[in-house]
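**Q** When the letters of the sequence shown are read in order and numbered with my numbering, they come out as residues 84 to 207.
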Amino acid sequence: LKEQKAKGFTAIDVDADAPPVTRQRWCPEERANWFSKCYYFYVNSLIQMGARKHLEQSDLWDIATSDEAARVFRRFREKLQETADPVKAVNGVVWRAIMRNHGALFAFAGVVKFIHDIIMFMPP
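1. Does the region 164-172 touch the region 117-134, meaning 3 or more C-beta pairs lie closer than 8 Å?
2. Report the three-state DSSP secondary structure of methionine 193 (helix, strand or coil).
3. Quick test of your reading: tryptophan 144 and tryptophan 109, contact by CB under 8 Å. State the CB separation rounded to the nearest angstrom.
4. Span of the alpha helix (DSSP H) holding lysine 120?
5. Which class does arginine 108 belong to by DSSP, given the choice of helix, strand or coil?
6. Is alanine 134 helix, strand or coil when you go by DSSP?
7. Which whole-angstrom value is the C-beta distance of alanine 180 and phenylalanine 159, which I expect to be below 8 Å?
8. Helix, strand or coil, according to DSSP, for isoleucine 146 in the structure here?
9. Can you check the region 144-189 for any alpha helix (DSSP H) of at least 4 residues that lies completely inside it and give the ranges in chain order?
10. Taking C-beta to C-beta, are glutamate 113 and threonine 148 nearer than 8 Å?
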C-alpha cells in the first residue's frame, strides 16, 4: 500500500498495488429482493446448515461487493474530498462525508425506528 503524509496523519492509498479480489462463493444478499433483505430470507440456507453442523469458514459466503472495504473507503474518500474547504477544513469534514455516504440508510433506519416506536406505544 502506498502511504501519503498529509498534515499530521497518514492516508493510505488502497488503489496502489492492490491485488485483484478473487471471489470464492457468491453472496446471496446481492441478488436478494427487498422483501428477502427486509426479513433476511436469503440467510435461511446458512441457518439450516448451521442447525445441522458447526459452520466452518468455508461454509460462509463472501462479503457483498458493495460492502468490500476498498470500495467503501473509496466512496468515503470521494465524499471527504467533496467536503474539503481550503480555509476551514483542508482535508474535509468527516461527519459530513459520513452523512453524504451513508445518510440515506441512516434516515431510512430512523423512519423505521420511529414507526416501530409509535406502534409499540399504541395500546392493544
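We put the beta carbon where it would ideally sit given N, CA and C, even for glycine.
**A** Let's see:
1. Counting C-beta pairs closer than 8 Å gives fewer than three between the region 117-134 and the region 164-172, which falls short of the contact rule.
2. According to the sequence shown, residue 193 is glycine rather than methionine. If DSSP states are grouped into helix, strand and coil, glycine 193 belongs with the helices.
3. Tryptophan 144 to tryptophan 109, Cβ: 6 Å. Contact.
4. Counted as a single uninterrupted DSSP element, the alpha helix (DSSP H) harbouring lysine 120 occupies residues 117-122.
5. Note: arginine 108 maps to coil in three-state DSSP.
6. Correct three-state label for alanine 134: helix.
7. A Cβ-Cβ separation of about 6 Å places alanine 180 in contact with phenylalanine 159 under the 8 Å criterion.
8. Residue state, collapsed to three classes: coil.
9. Within the region 144-189, the complete alpha helix (DSSP H) runs of at least 4 residues fall at 152-165.
10. Yes. Within cutoff.
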